[in-house]
Amino acid sequence: MAVRYGAELVNGAYLMALASPAFDFGTGDFTVTATLMTTSGCPVVTRRATGGAGWALSIDASGIVTFLTSDGGNLFAASSPQPQLLDGACHVLAGVRSGGALTLFVDGIEAASTSGPAVDVDNDLALSLGATQDTSAPFPRMTGMLLDVSVWATALSGAALDAATFGRVSGAEPGLRGAWSLNYTTADMSPFQNPANMVGPVLFMACISCVWAAGGNDFAFVRMGNNPNADEATAAGAMTLTQSRPVVVPAGAPALAVSIMAAADAPAFPAGVTLSITDPQGTRYSNDVNTPTLFVATSGGQPWALLAVDPLPGSWTIEVTAPSTAAFFVDVQVVPSADVVTTVEAALAPLYGTPALCRELHDTALLGGWLDVLTKVAVAALVGVTVAGLVVFSGGAALPAVAAGLAAFAAVTIGEAETMLPDVSTTSLPLASGGVAGLAGFVVAVDRLLLVDANVDADPATQLIYKRRDKVLYPYVTLSPFSRNQASLVADQDTRANVAAQLSGFTSGFATMSGHGMAFYLTGWYLTPNGPLQEVLTTGRYAPAEAAGKIFHMFACNCGYSGASPGLGIDLVNHGAVAFFGYSEPFQLPPAEYIVFCDCDIEIDKALIDGDDCATAYQRARAKYTAAISRYIANGDTLSAARLQANLNVLVAPSTNAAYGNPAARLQIT
Amino acid sequence: MTPERTEWHLALPVGRRRDTGEPMTLSDALREPDALASPTELSYEDRVEVVVERWSRGEWTDTYYGTDGLVDLPRAIAEARAGSDLGRALVETTERSAALALRHLRDTLPGGA
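Protein sequence lines, in the order shown, are assigned to chains A and B. For what it's worth, the numbering used here labels the leading residue of the first sequence as 2, then goes sequentially. For what it's worth, the numbering used here labels the leading residue of the second sequence as 70, then goes sequentially.
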């Protein structure tokens with residue numbers, strides 16, 4: 002990771018790749034791409050002398066872009082109809098010749114096309130970057146910054162064109178004839194290794210990376226960022242960098258989300274950075290707002306996050322200014338109006354589908370965990386808005402606009418989103434990202450999760466346990482990759498037949514169950530109305546498929562019994578279960594303290610859902626127990642401390658005895 | 070621990086004197102730590118009476134225990150005195166509570182050690 006650099010061209014300086022047959026496209030198809038920042042008309046990438054054969058991609062004084070080809074006599078050109086680009090912000094250009102058609106793309110959108118004969122553009126000139134050898138051109142040199150230039154002997158389109166436009170180039174792509182990132186290097190990544198030689202005092206200057214995409218269903222996306230490495234982050238002489246980008250919000254788009262985060266796992270506003278958000282009417286958002294249709298959270302007087310429900314259609318402008326030493330990401334997303342996952346994934350795949358090509362900064366190591374880069378980026382704006390909202394306003398259910406935006410993003414009801422909000426992690430962006438990605442269906446866990454809760458009305462202890470699991474664990478599952486690969490059996494659904502059917506229905510996964518436990522069985526709902534409770538899982542009375550490949554956690558007394566005849570937990574492991582968590586003896590559950598007592602146990606579930614192995618899950622639960630015990634003691638409630646200590650003493654897991662399975666086992670999420 | 074809670078703990082019985090068998094409060098135990106008999110030195114009946122005294126003076130909240138349902142104070146006392154598995158577990162838990170309080174106040178009160 003490092004700051005992104007580009008070639009700063011001033012005072013007539015430019016770059017030149019020597020003449021090469023690699024650039025001889027004849028009458029064939031070809032493509033040229035470039036990223037630039039400038040405020041004046043200029044040549045961008047050219048290979049043509051005055052009146053001769055060749056081609057050129059250039060901008061005139063008014064900002065109109067032209068892609069032209071000529072055989073020395075005939076000249077064909079596609080020009081953008083409206084002046085644009087000369088605002089100093091980051092823009093991408095692409096010219097494509099396919100057959101006789103020239104197509105010009107400005108900022109990823111087709112801006113012009115023309116058709117005619119495919120003229121022979123060959124000559125013996127060098128390739129000029131930021132310059133032209135056409136002496137009749139009004140601007141022979143570029144003043145500005147140039148990066149990610151590439152030329153191809155093929156007509157790129159679709160995802161390949163999008164990837165090339167933003168410099169996602171490995172060098173091995175078919176048809177690639179030259180690729181210069183200009184990221185503090187003049188090297189050519191293509192097999193032709195034809196460097197862009199400096200002509201004049203070319204400087205490499207830092208810039209804020211900026212990529213964007215659009216897709217169907219009104220989807221639009223922008224990410225700006227800077228991610229200095231350790232040396233760069235502490236270097237003297239930091240420069241002030243600015244980047245801005247318009248985001249066009251279509252009429253009828255459900256929501257617009259904007260957030261900025263320091264480039265770290267813990268959510269924070271990046272120090273020293275300023276963010277400006279301006280809507281199509283010129284309104285800037287810099288104060289806290291929390292209404293059903295608009296949410297703005299600020300930090301230190303700066304907008305930290307914004308979510309607009311039914312946002313004003315038109316061009317919003319996002320501008321960020323930061324020292325080159327600051328590490329941050331700005332994420333912007335217009336939430337798709339339908340098919341969120343497929344829409345977003347399709348649009349972002351050219352940019353983030355091949356992580357190794359996301360070399361410019363932020364896209365690989367940071368924000369770790371098991372989420373892939375594309376998914377992390379896909380959810381980043383919504384995660385940032387949610388986390389900032391929870392931090393600033395301290396209450397998920399009280400963020401109606403965020404809930405509405407999250408509901409649209411995750412295809413859930415607003416009520417469901419409001420329920421989930423408080424469970425989004427406010428301390429870890431990877432955890433928050435995993436949760437939102439799971440909720441929205443970007444990640445569907447490979448392993449299956451089964452939740453079973455007796456919740457028997459004649460047995461208030463099981464009701465208390467379910468009450469807490471329903472409040473804490475069930476939303477945690479919904480806000481996880483298991484959201485769309487899980488089932489639950491609660492109360493009268495908790496029967497032997499249902500448990501057998503569910504457990505037999507998956508070969509690898511996790512069953513977390515609560516109910517009354519005896520050494521050799523777990524009970525569920527009534528066997529008969531008002532009759533005894535039925536045994537839903539009993540030693541020696543289940544099919545091998547029910548145990549095979551699963552991690553079991555029983556929030557129930559006794560099932561972890563380890564006497565001469567193995568209890569239910571050990572029996573399950575002996576018959577193919579991967580691991581078992583439970584209690585070897587009765588535990589205590591004081592109603593006045595049931596929240597604390599239950600939460601200690603539920604930590605096992607949370608850890609496994611997070612992807613931790615069984616040993617870590619046990620350690621997390623143990624840490625939760627011991628922290629609660631310490632708090633009780635400090636508060637003078639040593640009875641609760643002693644009771645909780647007694648429960649911890651009978652908690653069994655693979656870490657306490659190998660008979661309970663494999664401590665290294667974990668759930669397979671991706 | 071608040072001063073009020075500390076005072077309350079200091080006045081609770083934590084065991085008996087090794088030499089005379091007289092009840093000792095936590096305050097007594099802090100002053101004369103060597104005089105306090107460990108639970109293993111006491112009869113079960115003596116241990117129960119110390120625990121019941123603590124319960125009767127407020128160190129009790131109802132609790133579910135295993136499959137035994139909700140245990141309230143009268144039932145806890147009855148089970149403890151009957152020496153049932155449930156009663157013994159409750160006694161041991163309360164003895165642990167007393168030990169935790171003793172250790173905490175010994176470590177935190179000025180001159181507690």
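In this text, a Cβ means the ideal position worked out from N, Cα and C, and glycines have one as well. Quick caveat, the model's predicted, so the values are computed rather than measured.
Where the beta strand (DSSP E) through residue i begins and ends
i      : result
A/N648 : Note, A/N648: premise wrong, no beta strand (DSSP E); alpha helix (DSSP H) at T639 to N650.
A/V310 : Q303 to V310
A/A263 : A256 to A263
A/W56  : A54 to I60
A/Q487 : Q487 to V491
A/T279 : T275 to T279
Where the alpha helix (DSSP H) containing residue i begins and where it ends
i      : result
A/M421 : I415 to M421
A/T376 : V374 to F394
A/K625 : C615 to A635
A/I319 : Per DSSP, A/I319 belongs to no alpha helix (DSSP H); it is in the beta strand (DSSP E), G315 to P324.
A/Q464 : P461 to R469
A/N499 : R497 to S505
Option nearest residue i by Cα separation, candidates the options
i      : options                          : result
A/S656 : A/A642, A/Y626 and A/A616        : A/A616
A/Q589 : B/Y133, B/E128, B/A80 and B/S125 : B/Y133
A/T133 : A/N291, A/Q334 and A/G13         : A/G13
A/V453 : A/A557, A/A660 and A/Q194        : A/A557
A/A501 : A/F483, A/Q535 and A/A35         : A/Q535
A/I630 : A/A642, A/A221 and A/R621        : A/A642
A/S151 : A/G354, A/V93, A/E9 and A/A635   : A/V93
A/Y185 : A/V203, A/F26, A/R178 and A/G176 : A/V203
A/V122 : A/L147, A/T136, A/F77 and A/Q83  : A/F77
A/A239 : A/V45, A/Q669, A/W526 and A/T326 : A/T326
A/S285 : A/G145, A/S509 and A/T299        : Per the sequence shown, the amino acid found at residue 285 of chain A is Arg instead of Ser. Of the listed residues, the one whose Cα sits closest to A/R285 is A/T299.
A/P1   : A/L383, A/N75 and A/A23          : There is no way to answer for residue 1 of chain A, as the model of chain A reaches only from 2 to 671.
Chain B contact for residue i (CB, 8 Å cutoff)
i      : result
A/C558 : yes
A/N531 : no
A/M634 : In the sequence on display, residue 634 of chain A carries Ile and not Met. Yes - at least one Cβ of chain B is within 8 Å of the one on A/I634.
A/A629 : no
A/L590 : yes
A/A366 : A caution first: A/A366 carries a pLDDT of 43, below 50, which makes its placement in the model too unreliable to give a value.
A/L640 : yes
A/A520 : no
A/P461 : yes
A/Q669 : no
A/P268 : no
A/Q646 : yes
A/A409 : no
A/G564 : no
A/V653 : no
A/G568 : no
A/G637 : yes
Counterpart residues of residue i in DSSP-defined beta bridges
i      : result
A/C208 : A/R5
A/E111 : A/F106
A/M225 : A/C211 and A/V331
A/A512 : A/L451 and A/F553
A/D686 : Lying outside 2 to 671, the shown extent of chain A, residue 686 of chain A is not represented and no answer is given.
Residue i - DSSP class collapsed to helix/strand/coil
i      : result
A/A446 : coil
A/I603 : helix
A/D121 : coil
A/A366 : Residue placement at A/A366 is flagged as unreliable, the pLDDT there being 43, under the threshold of 50; a coordinate-derived value is accordingly withheld.
A/P247 : strand
A/V170 : coil
B/R175 : helix
B/R126 : coil
A/F410 : helix
A/S484 : helix
B/E91  : coil
A/S81  : coil
Proximity test, Cβ basis, 8 Å: residue i and chain A
i      : result
B/D131 : yes
B/T71  : yes
B/T109 : no
B/R157 : no
B/G84  : no
B/S166 : yes
B/L95  : no
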